[in-house]
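S.K.:
In the numbering used here, the protein residues as written are 15 to 180.
1. What does a CB cutoff of less than 6 Å around residue 71 pick up in its chain, not counting 5 residues either side in sequence?
2. Quick one, which of 138, 84, 45 has its alpha-carbon nearest residue 100's?
3. Since residue 94 is in the alpha helix (DSSP H), which residue starts that stretch and which ends it?
4. DSSP on residue 52, reduced to helix/strand/coil?
5. Are the Cβ atoms of residue 158 and residue 32 separated by less than 8 Å?
6. Within the continuous alpha helix (DSSP H) that includes residue 66, where are the two ends?
7. Per DSSP, which one or two residues make a beta bridge with residue 59?
8. For residue 156, count neighbouring Cβ atoms within 10 angstroms of its own Cβ and tell me buried if that reaches 16, exposed if not.
9. Might you give, ordered along the chain, the residues of its own chain that have their beta carbon closer than 6 Å to the beta carbon of residue 173, omitting 5 neighbours on each side?
10. Consult DSSP for residue 21 and reduce its assignment to one of helix, strand or coil.
11. Name the two residues that bound the continuous alpha helix (DSSP H) containing residue 124.
12. I want to see whether chain B comes within less than 8 Å of residue 78, judged by CB atoms only; does it?
13. Starting from residue 131, follow its DSSP beta bridges and name the residues at the other end.
14. Counting pairs of beta carbons, one from the region 104-117 and one from the region 59-66, are three or more of them closer than 8 Å?
15. Among 53, 98, 83, 43, whose alpha-carbon lies nearest the alpha-carbon of residue 74?
16. Do residue 146 and residue 90 have their C-beta atoms within less than 8 Å of each other?
What follows is the structure, encoded as structure tokens:
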């Protein structure tokens, strides 16, 4: 049932979708606490976030793999932020047509049609940095080993091999 080797694109999509969903719930809970001192920490999101974050992080993964050897970290993260803004605006515009857009940035000073806001640029930059450095790099390291026990030994690592099967 489990493929041996690296996890599939569908499993990575699932991990990215769940991660984005959880991060948004935590961000909105933190925002509610900071703005309203609400000790209940009510975090909210929409089921659409699963698709939005899953697709977005798959694109960022693709950009990372294509650019990691040619573009520096700051440059890549800036490209990710541009992608995030384009994706957030596009998905928000589509969802708004069905009265299903769960966010509205109209109260912000630097909003664009209420679908994106420049005030979030620092948060998106930090989020994109963490997405590459923690989420994507670690997700790409995941493997299914169908019951085999895989042990890493320091001797094998020094000699160029990273896995020893028992």
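The C-beta atom is built at its ideal place from N, Cα and C for all residues, glycine as well. Keep in mind it's a predicted model, so treat the numbers as computed, not measured.
M.R.: On the basis of the data shown:
1. 30
2. 138
3. 87-111
4. Coil, per DSSP.
5. 8 Å or more divides the Cβ of residue 158 from the Cβ of residue 32.
6. 62-81
7. DSSP lists no partner for residue 59.
8. exposed
9. Its pLDDT being 46, under 50, residue 173 is placed unreliably by the model, and the measurement read from it follows with that caveat. The beta carbon of residue 173 sits closer than 6 Å to none of the beta carbons in its chain outside the five residues before and after it.
10. coil
11. Taken as a continuous stretch (DSSP letters only), residue 124 belongs to no alpha helix (DSSP H), as it is neither H nor E.
12. Protein chain content of the structure displayed is limited to a single chain, and chain B is not contained in it.
13. Bridge partners of residue 131: 125.
14. yes
15. 98
16. yes
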